[in-house]
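When we follow the numbering used here, the leftmost residue of the sequence shown carries the number 355, and every step to the right adds one.
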Amino acid sequence: MADKPLIVGITGGIGSGKTTVAKIFEKMGIPIYIADEKSRERTATDPRIKSYIQETYGDELFDSDGSLKRKALGEIVFPDKDKLKALNEVIHPIVAEDFKEWLAQQNAPYILKEAAVLFESGTYNDCDYIIVVIAPRELRIKRVMERSGLTREEIESRMNHQWSDDDKIALSDFVIRNGEDDALMPQIFEIHEDLKRSTNSGS
Ligand code: ATP
């Protein structure tokens, strides 16, 4: 029977490049699970999450065809820590269950689980190893402004809700530098080799 893959968490602040890096690992054959995407998908479709939102906030957060008004929900929960926490307490176990089912189907030495809030949510406790992607703050702001059309103020406000790079580095096993003068590929290859070695050594 094949061994269970190692779980490698990959995180980084907004615009650090964690999705870009995860997609390179995917091209090398490593299965990747994008937790933020799954969470968005499940929030829109899972009947248990839908009932919670309906019971807590009423029908006005749904269109006439039953689809969730994500932006309106975000405007209610993001400014209010308790409301966000309560919603996350409903969503997290459902995404965790989805991840478990997904993991059971993977056949690889290790898998990558990408999450923006890996540390903030406590998910890092379930990872065997952690990679953090870092880049200078100004470069991250520039990249996100180009990609999304968000304003500098909106980006900085999101950054201020996330842990600092130093705090994330302290709890990570690998750091990938994704600044303008950093070559990503050699860093990725080295980590890939290290992780494969860890699997072979039967840890
Ligand atoms: P978010 O938390 O906002 O989802 P992220 O950490 O996943 O961000 P990416 O989406 O991977 O970051 O990258 C942000 C933007 O920067 C993207 O448009 C991406 O194409 C660009 N980018 C990332 N890394 C590089 C790089 N090394 N060179 C050039 N552009 C890059």
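In this text, a Cβ means the ideal position worked out from N, Cα and C, and glycines have one as well.
Just so it is clear, the structure is predicted and the values come from calculations on it, not from any experiment.
DSSP state of residue i mapped onto helix, strand, coil
i, result
"I384", "coil"
"F416", "strand"
"E492", "helix"
"S557", "The predicted model places S557 with a pLDDT of 49, which falls under 50 and marks its position as unreliable, so this point remains unresolved."
"S365", "The question names Ser, but residue 365 in the sequence shown is Thr. Looking at T365 - three-state DSSP - the assignment turns out to be strand."
"L360", "strand"
Extent of the continuous beta strand (DSSP E) to which residue i belongs
i, result
"F528", "528-531"
"I485", "483-488"
"K467", "464-468"
Residue range of the alpha helix (DSSP H) that includes residue i
i, result
"E443", "435-458"
"V431", "424-431"
"T477", "Note, T477: premise wrong, no alpha helix (DSSP H); not H, not E."
"S511", "506-515"
"S405", "401-411"
Cβ distance (whole Å) where residue i is taken to contact residue j below 8 angstroms
i, j, result
"Q541", "I523", "Not quite, the Cβ-Cβ distance comes to about 14 angstroms (not below 8 angstroms), so this is no contact."
"V431", "L438", "5 angstroms"
"G533", "P490", "6 angstroms"
contact_flag[the region 391-401, the region 440-451] where n(CB pairs < 8 angstroms) is 3 or more: yes
Segment contact flag, the region 380-390 with the region 485-502, C-beta cutoff 8 angstroms, min 3 pairs: no
Beta carbon shell of the ligand ATP at less than 6 angstroms from a heavy atom: G366, I368, G369, S370, G371, K372, T373, T374, A470, R497, V498, R501, N532, L538
The region 490-507 in contact with the region 406-419 per 3-pair CB rule at 8 angstroms: Result no; under three Cβ-Cβ pairs closer than 8 angstroms.
Touch test, the region 495-509 against the region 361-376, Cβ-Cβ under 8 angstroms, three pairs minimum: Contact holds: three or more Cβ-Cβ distances are below 8 angstroms.
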